[in-house]
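Written out below as structure tokens is the structure these notes cover.
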Amino acid sequence: MIKTAEIREAADILRSGGLVALPTETVYGLGADAANEAAIRRIFKAKGRPFDHPLIVHIGKISDLSQWVLEVPENAERLAKAFWPGPLTLILKKQPHVLNIVTGGQDTVGIRMPNHPLALALLQTFGGGVVAPSANQFTHVSPTTAAAVREELGDKVDFILDGGACAVGLESTIIDLTHEVPVILRPGMITQAMLEDVLGMSVRNTRQDASDVRAPGMHHLHYAPMTKTVLMANADLANYLKAVKKPAVVVSHNDVKVPAEVQFVKMPNSAKAYAHDLYHTLRELDRQSFQEIIIESVPDTAEWIAIKDRLMKASGSSNRSP
Ligand code: TXA
Ligand code: MG
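In case it helps, the working numbering puts the sequence shown at residues 72 to 393.
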């Protein structure tokens, strides 16, 4: 169901240098014309985001990719064909015209084609590229509903396109294709194995040794609720709880013996459903003034890697240096 009048209005706002929050399958983005430096400055201001954090350019057709990158290597072509529209961002060498404010002054640019009918309709109507970071204040949890965008940005955004709850719920997988061996910079629901399958080669997953300061999530508190959030093994929960006055407990796999008065959230068992619910759950708990949000750690298997990554960041337990 495409809301034609709204899409037209949103495209006009982009053309005149305004900010439009748009739904994608991952999280809501705060969009601006990728060729309008003044508009993009407003994004950084609205989010309180440092200027050296590069933005992803969103496109409405696979064939638009070549307008933004110097060349489209075979790897990029294969991945785009297999996963676009979808939750995958490709990092490639940029065209000279791509603004420094988009790339943080780097010679690479991140591009993705989102899989949401309203986002695609907007991109195709607008015609150009749209830079869109997640539509939250810097370091906060990404919004997965239009209401969450409103809560994060209020009137700093000119228009919010409401496309319902985001289907995936976690930000896109980011893969850097500018090296001989592709490197995953941010894990997402498109996993290393899925990428290797399509590429027919191994892919590096260097979240730990990423030395590039512009690598995603460089802040140790990123994607974080305001409430103190801790991540711990099921076995330690019961004991830890004794020392917390007003805890909220988020479990997924095991039942925990907790006092009846403790707020208890049971998350889904499947990684896909867990990812879908995670940010919404954190946001809901965050507004209830708990002393701590205590989250049961999730399995160490491949399909949970992206979720674990976000949980570590939400709890500030990521050991990557700032
Ligand atoms: O799912 C998503 O990717 C969402 C939706 C709205 O599309 N967008 C998103 O954008 O998560 P943002 O700005 O919150 O995160 C983008 C990440 C940043 O951490 C940034 O460092 C990284 O992408 N990035 C962008 N361009 C890059 C580049 N040229 N090299 C390395 N990292 C880059
Ligand atoms: Mg973000």
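No residue lacks a Cβ here, since even glycine has one placed at the ideal position from N, Cα and C. All of these numbers come straight from a predicted model, not from anything done at the bench.
Option in the options with minimal Cα separation from residue i
i, options, result
"GLN405", "LEU136, GLU148, ARG149 and ALA153", "The structure shown does not extend to residue 405, since the chain spans only 72 to 393, so no value can be given for it."
"GLU402", "PRO296, LEU241, THR174 and LEU270", "Because the chain here runs from 72 to 393, residue 402 falls outside it and cannot be looked at."
"LEU161", "THR179, ILE172, GLY234 and VAL169", "THR179"
"LEU126", "THR300, GLY175 and HIS168", "GLY175"
"ALA236", "SER243, ALA217, ASP229 and ARG221", "ALA217"
"GLY234", "SER243, ARG257, PRO214 and LEU248", "PRO214"
"TYR294", "ARG113, GLU96, SER386 and GLN138", "SER386"
"ILE133", "PRO121, PHE122 and LYS152", "LYS152"
"SER323", "ASP307, SER341, ALA306 and ASP83", "SER341"
"VAL91", "GLY225, GLY157, ASN186 and GLN177", "GLY225"
"THR298", "ASP268, VAL321, PHE361 and GLU251", "PHE361"
"GLN177", "ARG221, ILE130, HIS187 and ASP247", "ASP247"
"ALA108", "ARG354, PRO339, GLY131 and HIS168", "Residue 108 is actually Glu in this sequence, not Ala. Nearest option by C-alpha distance: HIS168."
"VAL333", "LYS343, VAL321 and PRO339", "VAL321"
"ILE130", "ARG221, HIS187 and ARG112", "HIS187"
"ARG354", "ASP83, LEU141, SER87 and ARG221", "ARG221"
Cβ distance (whole Å) where residue i is taken to contact residue j below 8 Å
i, j, result
"GLY181", "ALA106", "Actually they do not touch by this definition, with Cβ atoms about 16 Å apart."
"ARG149", "LEU270", "6 Å"
"GLU363", "ASN325", "Not confirmed; about 19 Å, so no contact."
"LEU101", "VAL228", "6 Å"
"PRO184", "TRP155", "The amino acid at residue 184 is misidentified as Pro; the sequence shows Met. That belief holds up - the Cβ atoms of MET184 and TRP155 are roughly 4 Å apart, short of 8 Å."
"THR249", "LYS316", "So it is not a contact: roughly 50 Å between Cβ atoms."
Distance CB(residue i)-CB(residue j) smaller than 9 Å
i, j, result
"THR277", "ILE245", "no"
"MET272", "ILE365", "no"
"TYR345", "VAL369", "yes"
"HIS401", "ALA219", "Nothing about residue 401 can be reported from this structure: the residues present for the chain run from 72 to 393 only."
"LEU194", "PRO94", "no"
"GLY89", "ALA76", "no"
"PHE197", "LEU349", "no"
"VAL98", "SER205", "yes"
"VAL201", "GLU96", "no"
"LEU159", "SER243", "yes"
"ASP380", "ARG275", "no"
"ALA319", "GLN359", "yes"
"PHE230", "ALA81", "yes"
"ALA203", "ILE73", "no"
"VAL336", "LEU356", "yes"
"ILE172", "PHE122", "yes"
"PRO253", "LEU266", "yes"
Distance cut-off 8 Å: residue i Cβ against heavy atoms of the ligand TXA
i, result
"GLU223", "no"
"ILE162", "yes"
"ALA345", "Note on identity: in this sequence residue 345 is Tyr, with Ala being the wrong assignment. Because no heavy atom of the ligand TXA lies under 8 Å away, the Cβ of TYR345 does not count as near it: no."
"GLN177", "yes"
"HIS124", "yes"
"GLY259", "yes"
"HIS211", "no"
"PRO330", "no"
"ILE127", "yes"
"GLY181", "yes"
"THR216", "no"
"ALA119", "The question names Ala, yet the displayed sequence has Gly at residue 119. False, no ligand heavy atom lies under 8 Å from that Cβ."
"GLY100", "yes"
"THR298", "no"
beta-carbon residue i near the ligand MG non-hydrogen atom, thresh 8 Å
i, result
"SER243", "no"
"ASN107", "no"
"PRO204", "yes"
"ASN394", "This structure does not reach residue 394, given that the chain is present from 72 up to 393, and the question cannot be answered."
"TYR294", "yes"
"ASN310", "no"
"ASN305", "no"
"ASN207", "yes"
Handout entry: Cβ contact (3+ pairs, closer than 8 Å) linking the region 108-117 and the region 259-266
Key = no
Practice task
Please confirm if the region 305-314 is in contact with the region 369-378, defined as three or more CB-CB distances below 8 Å between the two stretches.
Solution key: no
Problem - Validate contact between the region 194-213 and the region 141-148 using beta carbons, cut 8 Å, 3 pairs - result: no
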